[in-house]
Amino acid sequence: MGLTNAFVDLHMAEKIMAFLQAHFHSKVTFLLALNAFLLVVGCFLEIFSAIIVIAPLIIPAALSYGMDPVHLGIIFLTNMEVSYMCPPVGLNLLLSSLRFRVPIMKLYLFVLPYLLIMIIALLIITYFPQLSMWLVDFLGARKELIIM
-6 MGLTNAFVDL
4 HMAEKIMAFL
14 QAHFHSKVTF
24 LLALNAFLLV
34 VGCFLEIFSA
44 IIVIAPLIIP
54 AALSYGMDPV
64 HLGIIFLTNM
74 EVSYMCPPVG
84 LNLLLSSLRF
94 RVPIMKLYLF
104 VLPYLLIMII
114 ALLIITYFPQ
124 LSMWLVDFLG
134 ARKELIIM
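Residue numbers (the working numbering): -6 to 141.
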């Protein structure tokens, strides 16, 4: 919470927004950069810390590119899950290494094909929002976000 409060006091969301708008002119490039950023964050932070620290910073930027908040949440969580299997600090790899007494370097080799499949699935989820939003649309549960 202290880090989040510091980010608010330093107006980090506004600074990040200015940077993004200066360097990423399309939604496609923004989404690619967002995925790369979230994968790196997920390798070093566990999911609850990432939600508290990073989500308030990326939500305004994503909304400025016209992203649906539910789709952003799905992208965020998918990135966190993929990064749990990414070397060098993937939490699932560390836990598996300890539990099954397998050297972590050996696990890196075993997990690479699955990691590639998960990254492809992440890109599909990111660039085809209708795949992850069809149930929300079917139920008519999508609400317009009102920003005050």
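Ideal Cβ placement from N, Cα and C applies to all residues, glycine included. Because the structure is a prediction, the values reported are computed rather than measured.
With residue i and residue j assumed to form a contact (beta carbons below 8 Å), what rounded beta-carbon distance in angstroms separates them?
i: F17; j: A26; result: 6 Å
i: K20; j: Y77; result: The pair is not a contact, with the Cβ atoms about 26 Å apart (cut-off 8 Å).
i: L24; j: Y120; result: 7 Å
Could you name the residues of the same chain whose beta carbon sits closer than 8 Å to that of residue i, not counting the 5 residues immediately before and after it, in chain order?
i: M141; result: With a pLDDT of 41 at M141, under the threshold of 50, the modelled position of this residue cannot be trusted, and the question is left open.
i: L124; result: I117 and I118
Thinking C-alpha only, which one of the options is nearest residue i?
i: P49; options: L102, Y120, N(-2) and A134; result: N(-2)
i: V129; options: I112, D61 and K99; result: D61
i: L105; options: P122, L91 and L86; result: L86
i: I68; options: C79, I44, S89 and V82; result: I44
Counting only the same chain and skipping the five closest in sequence on each side, list residues whose C-beta sits under 7 Å from that of residue i.
i: A54; result: I9, M10 and L13
i: I51; result: L27
Could you name the residues of the same chain whose beta carbon sits closer than 6 Å to that of residue i, not counting the 5 residues immediately before and after it, in chain order?
i: L115; result: T71 and V75
i: L40; result: Here residue 40 turns out to be Ile, not Leu, going by the sequence shown. Cβ neighbours of I40 beyond the five flanking positions: M73.
Worksheet item: Whole alpha helix (DSSP H) runs in the stretch 73 to 124 with 4 or more residues, listed along the chain?
Response: For the alpha helix (DSSP H) assignment, the uninterrupted runs of no fewer than 4 residues enclosed by the stretch 73 to 124 are, from N- to C-terminal side, 84 to 93 and 97 to 120.
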